[in-house]
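A short write-up of the structure that comes next.
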Amino acid sequence: RFFYFSPDRFDPDEWGHLSDKFLGHGYEQQFGEIGAFRGSGIATAYMSGFLACIAESLPAAGAFELINALRSRALTPEPALGYA
171 RFFYFSPDRF
181 DPDEWGHLSD
191 KFLGHGYEQQ
201 FGEIGAFRGS
211 GIATAYMSGF
221 LACIAESLPA
231 AGAFELINAL
241 RSRALTPEPA
251 LGYA
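My numbering applies: residue 171 is where the sequence shown begins, and numbers increase by one.
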């Protein structure tokens, strides 16, 4: 799962530093248990891999189209959930 923080939805006082960004989970999960890798490095690997799959399925798409494809597939976080 990954999330997109739309700048239209979140004002600077409410996760403003995340506006217009994607957030992927930062842990490796294997067989229902958390693995050895944690943090932004594994989150970046997950997002890069997901983007590579989208790029492969849309070979004629440019960067703008690929980013829009990511946005359309991302979940939208709810401020009440407390992600930060």
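Each residue gets a CB set at the ideal place from its N, CA and C atoms; glycine is no exception.
These numbers come from a predicted model, not from an experiment.
For Phe173 against Phe192, the beta-carbon gap comes to about 7 Å, under 8 Å, which counts as contact. Linking Ile224 to Asp183 through their CA atoms gives a straight-line distance of about 32 Å.
Pairing Gly194 with Ala222 gives a Cβ-Cβ distance that is not under 7 Å.
The Cβ neighbour count for Ala215, taken over all protein chains shown within 10 Å, is under 16; the residue is labelled exposed. Taken through DSSP and simplified to helix, strand or coil, Arg208 comes out as strand. Residue range 191 to 194 is occupied by the beta strand (DSSP E) that includes Leu193.
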